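One structure is given below, encoded as structure tokens.
Residue numbers (the working numbering): 42 to 158.
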């Protein structure tokens, strides 16, 4: 299976469990790897057969900006669900990171993998 990826997508949103996090937007960083068979789009140079990473990016950014999450785990699950159900990817790896959330660490977060690769 081929991989279509989006790296270092940064989005401002409400996320976290502490009172201040419920009112102050924070930046989350997403990395997505999405399974896709790129032979058909490549053979015909046809965007209609490709997994359109721009459309995926816009959908994910809009969704996260409009949502509020307590946990990065929930955000990762919802992003994976969107990629698989709305865009038809049979496999996805989602990494959600909160930069600066823990003193001494550049970022913390979760990485999940869903579907069949």
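A virtual CB, placed ideally from N, CA and C, is assigned to each residue, including glycine. For clarity, every value in this text was computed on a predicted model and none was experimentally measured.
Check: Secondary structure at residue 158, three-state DSSP: helix, strand or coil?; Outcome: coil
Check: Which residue from 145, 97, 112, 111 puts its Cα closest to that of residue 74?; Outcome: 97
Check: Quick one: give me the first and last residue of the beta strand (DSSP E) that residue 103 is part of.; Outcome: Element bounds for residue 103: not the beta strand (DSSP E) but the alpha helix (DSSP H), 94 to 107.
Check: Quick one: is residue 139 buried, meaning 16 or more other Cβ sit within 10 Å of its Cβ, or exposed?; Outcome: buried
Check: Below 8 Å, can you find three or more Cβ-Cβ pairs linking the region 67 to 83 to the region 124 to 135?; Outcome: yes
Check: Give the DSSP bridge partners of residue 115, in chain order.; Outcome: Residue 115 is not bridged to any residue.
Check: DSSP state of residue 85, grouped into three classes?; Outcome: helix
Check: In the DSSP output, what is residue 148 paired with across the bridge?; Outcome: 140
Check: For residue 101 and residue 108, I'd like the C-alpha separation in whole angstroms.; Outcome: 11 Å
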